[in-house]
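*Asks:* One structure follows; several queries about it will come next.
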Amino acid sequence: EDIRIELAADAGEGGRRWAYLFHGSQLSRTFTGDYVHFSGAAQRVIAERYQVGFLENGLGLSELRLNDSGIDILDRTKIRVEAIVGFVFRRTFTEDDLPIEPEPIVPVKDGPVRLIWGERGGFAYGSLFQLHTSIQMPELPLPGSSIKGFRFSWDFNDQAVATTTPTVYLDANMTEPVVIDGQPDDVPTEPVPAWRQISHATGTIIVTADVSSLGGTQSNYYKDDATLDPDDTGDGRSYGDNGFAVEGPNTSFTLDSGLLVLPPTTENVGAAYAGLLAAPPAFIATLQTPAGPLQRRVYLPLVRR
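The sequence shown begins at 30 in this note's numbering and counts up by one.
In structure tokens:
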């Protein structure tokens, strides 16, 4: 028996490719590559095109290095929860003080092609990183208390702008990019863009997010301002801090955010790659037997070289 795996990238025959999978007692493994693995001691994903490190509570990231550059360009991913407490008091919860017990990231699977981790989990491949986070808004026991707003964003650090090649931000609402330089810019606030592209000297990243389960009134968020903010987290400054904000969000939801890492480019490639992430190629596996082919659908990781 053998299995024929068909990759259908589009409806035409020109978009179809085939591979055959064999097994037998006399066959030996010859593949020794490792596109992605996890360092438990450092709480870090080390992939072919990037390295990411997690915040201590596991609810977000604190490190991002692209394409073996060794340069960390991320301050952190940020969360803000705006609440009214006891009718009159306004309080902001951040990723540091949400009521979540710190837990180390423990992989469910650490294979040569794909890394999977569980609750507060996600997936990692050689060039693709996906966060899948279930969020429960903090309980507010006092009468007259309610959650008013939620925000999630990726904030970069001064290393993101310490380069002779300008670092630029572009999203699906824009026709021209803006330079990330710590100086305020005008970026459209509506709608929430389907993709964001950040182009740095060490690499280009495409960021996507599924905000469908958040409810409320949603808007695009962007802040590029190097002025020190004592109420901020991380380095207290904003370098191309980008994401989304929601007024009147649901009290519980799932946040899916993807990060695709590419070689450095100044071209607008966000729409093309976001389209691939939203509608990946289909895989069909056919079991070849003496009685004839038996077709099965399977879900396989897609590795882009």
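Don't be surprised by glycine CBs; every beta carbon is placed ideally from N, CA and C.
#1: Residues bridged to leucine 127 by DSSP?
#2: Around the C-beta of threonine 21, are 16 or more other C-beta atoms found within 10 angstroms, so that it is buried, or is it exposed?
#3: Comparing alpha-carbon positions, which option in Leu50, Ile113, Glu168 and Ile209 lies nearest isoleucine 227?
#4: Taking the alpha-carbon of serine 242 as reference, which of Arg225, Thr262 and Ser286 has the nearest alpha-carbon?
#5: Could you check the C-alpha separation between serine 175 and phenylalanine 185 for me, to the nearest Å?
#6: If you draw a straight line from the alpha carbon of tyrosine 268 to that of leucine 169, how long is it in whole angstroms?
#7: Cα-Cα, which of Leu84, Ala71, Gly173 and Phe67 is closest to glutamate 77?
#8: With distances taken between CB atoms, is the gap from leucine 103 to threonine 162 smaller than 8 angstroms?
#9: Can you tell me whether lysine 138 is buried or exposed, with buried defined as 16 or more other CB within 10 angstroms of its CB?
#10: Excluding the 5 residues preceding and the 5 following leucine 306 in the sequence, name in chain order all residues of the same chain whose CB lies nearer than 7 angstroms to its CB.
#11: In three-state terms, what does DSSP make of tyrosine 64?
#12: Are at least three pairs of beta-carbons, each pair with one atom in the region 209-220 and one in the region 254-263, less than 8 angstroms apart?
#13: Pull up the distance between the alpha-carbon of lysine 15 and that of threonine 121, whole angstroms please.
#14: Whole angstroms is fine: what's the gap from glycine 335's alpha carbon to proline 172's?
#15: Let's test the definition: count the other Cβ atoms within 10 Å of the Cβ of serine 369 and tell me whether it reaches 16, buried, or not, exposed.
#16: Measure the alpha-carbon distance for glycine 62 versus glycine 151 and round it to whole angstroms.
#17: Between the Cα of proline 133 and the Cα atoms of Arg46, Leu84, Phe51 and Gly140, which residue gives the shortest distance?
#18: Classify threonine 50: buried if its beta carbon has 16 or more other beta carbons within 10 angstroms, exposed otherwise.
#19: Hey, would you say threonine 233 sits closer than 8 angstroms to leucine 157, going by beta carbons?
#20: Quick one: give me the first and last residue of the beta strand (DSSP E) that glycine 150 is part of.
#21: Checking 8 angstroms against the spacing of the C-beta atoms, do valine 65 and leucine 144 come in under that value?
#22: Pull the bridge partners of glycine 178 from the DSSP assignment, please.
#23: Does DSSP classify aspartate 270 as helix, strand or coil?
*Replies:* Judging by the given coordinates:
#1: Along the sequence shown, one-based indexing puts residue 127 at 98. The secondary-structure analysis by DSSP pairs leucine 127 with nothing; it has no beta-bridge partner.
#2: The displayed coordinates of the chain run from 30 to 334. Any statement about residue 21 would go beyond what the structure contains.
#3: Here residue 227 refers to the residue found at position 198 when the sequence shown is read from its first residue. Answer by Cα proximity: Ile209.
#4: Mapped onto the sequence shown, residue 242 falls at position 213. Answer by Cα proximity: Ser286.
#5: Taking the sequence shown and counting its residues from 1, one reaches residue 175 at position 146. Taking the sequence shown and counting its residues from 1, one reaches residue 185 at position 156. Near 31 angstroms, if we compare the C-alpha coordinates of phenylalanine 185 and serine 175.
#6: For the purposes of this step, residue 268 is identified with residue 239 of the sequence shown, where counting begins at 1. For the purposes of this step, residue 169 is identified with residue 140 of the sequence shown, where counting begins at 1. Approximately 32 angstroms, taken between the alpha carbons.
#7: Here residue 77 refers to the residue found at position 48 of the sequence shown. Comparing Cα positions, the closest option is Phe67.
#8: Walking along the sequence shown from the start, residue 103 turns up at place 74. Walking along the sequence shown from the start, residue 162 turns up at place 133. In terms of Cβ geometry, leucine 103 and threonine 162 do not form a close pair [threshold 8 angstroms].
#9: Taking the sequence shown and counting its residues from 1, the one referred to as residue 138 is at position 109. Lysine 138 comes out exposed.
#10: Counting from 1 along the sequence shown, the entry for residue 306 is found at position 277. So the qualifying residues of the chain are Thr237, Gly287 and Leu289.
#11: Locating residue 64 in the sequence shown gives position 35, where the first residue counts as 1. Coil at tyrosine 64, not helix or strand.
#12: Segments in contact, yes.
#13: The shown model of the chain, from 30 to 334, leaves out residue 15, and the question about it has no answer.
#14: Because the chain spans 30 through 334 in this model, residue 335 falls outside it and cannot be assessed.
#15: Nothing in the structure corresponds to residue 369, since the chain is present only between 30 and 334.
#16: Reading the sequence shown from its first residue, position 33 is the one you call residue 62. Reading the sequence shown from its first residue, position 122 is the one you call residue 151. Approximately 22 angstroms between the Cα atoms of the pair.
#17: Walking along the sequence shown from the start, residue 133 turns up at place 104. If we check each option's Cα against that of proline 133, Leu84 comes out closest.
#18: The sequence position of residue 50 within the sequence shown is 21, counting from 1. The sequence as given places leucine at residue 50; threonine does not occur at that position. So leucine 50 ends up on the exposed side.
#19: Taking the first residue of the sequence shown as position 1, residue 233 is located at position 204. Taking the first residue of the sequence shown as position 1, residue 157 is located at position 128. Contact: no.
#20: Within the sequence shown, residue 150 is the residue found at index 121, counting from 1. Note, glycine 150: premise wrong, no beta strand (DSSP E); not H, not E.
#21: The sequence position of residue 65 within the sequence shown is 36, counting from 1. The sequence position of residue 144 within the sequence shown is 115, counting from 1. Yes.
#22: Stepping through the sequence shown from its first residue, residue 178 is reached at position 149. BP columns for glycine 178 point to Glu111 and Glu276.
#23: Position 241 of the sequence shown, counted from the start, is the residue given in the question as residue 270. Taken through DSSP and simplified to helix, strand or coil, aspartate 270 comes out as strand.
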